[in-house]
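S.K.:
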Amino acid sequence: GAAVIGGAGKTPFCLMLQRLLHAEGVAAHFLTRGYKGGLKGPVRVDAQHTVDDVGDEALILAAAA
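Residue numbers are given in our numbering: position 46 of the sequence shown equals residue 135, and the series is strictly consecutive.
(1) Helix or strand or just coil, what does DSSP make of Lys125?
(2) For Asp141, I'd like the list of residues in its chain whose CB is within less than 6 Å of its CB, leaving aside the five on either flank, ordered along the chain.
(3) Under DSSP, the alpha helix (DSSP H) around Leu150 begins and ends at which residues?
(4) State the start and end residues of the unbroken alpha helix (DSSP H) segment that holds Ala112.
So this is what it looks like as structure tokens:
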């Protein structure tokens with residue numbers, strides 16, 4: 090089998106898709122589990138959150154949305 094290091098490219102794909110949709114005037118939103126984040130329950134991520142709060146991927150996606 091093939092060795093896989095890192096993810097499968099889902100986040101970069103979502104970011105690219107968001108840019109394409111935004112260019113067409115469509116507002117895109119991301120839903121994520123907040124892997125390794127400390128906050129529980131639904132959270133609307135913003136610039137005030139930290140990696141410890143919501144995980145790094147959630148911050149990256151929130152910055153793009």
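Glycine included, C-beta positions come from ideal geometry on N, C-alpha and C.
Predicted, not measured: the structure shown is a model, and the values here were computed from it.
M.R.: Taking the geometry as given:
(1) Residue numbering aside, residue 125 sits at position 36 when the sequence shown is read from its first letter. Per DSSP, reduced to three states, the secondary structure at Lys125 is coil, with no helix or strand assignment.
(2) Looking up residue 141 in the sequence shown gives position 52. For Asp141, the CB contacts under 6 Å within the same chain, skipping 5 residues up- and downstream, are Gly127 in chain order.
(3) Here residue 150 refers to the residue found at position 61 when the sequence shown is read from its first residue. 145 to 153 is the span of the alpha helix (DSSP H), which, as asked, contains Leu150.
(4) Translated into the one-based positions of the sequence shown, residue 112 becomes position 23. It spans 99 to 112 - the alpha helix (DSSP H) in which Ala112 sits, taken as one unbroken run.
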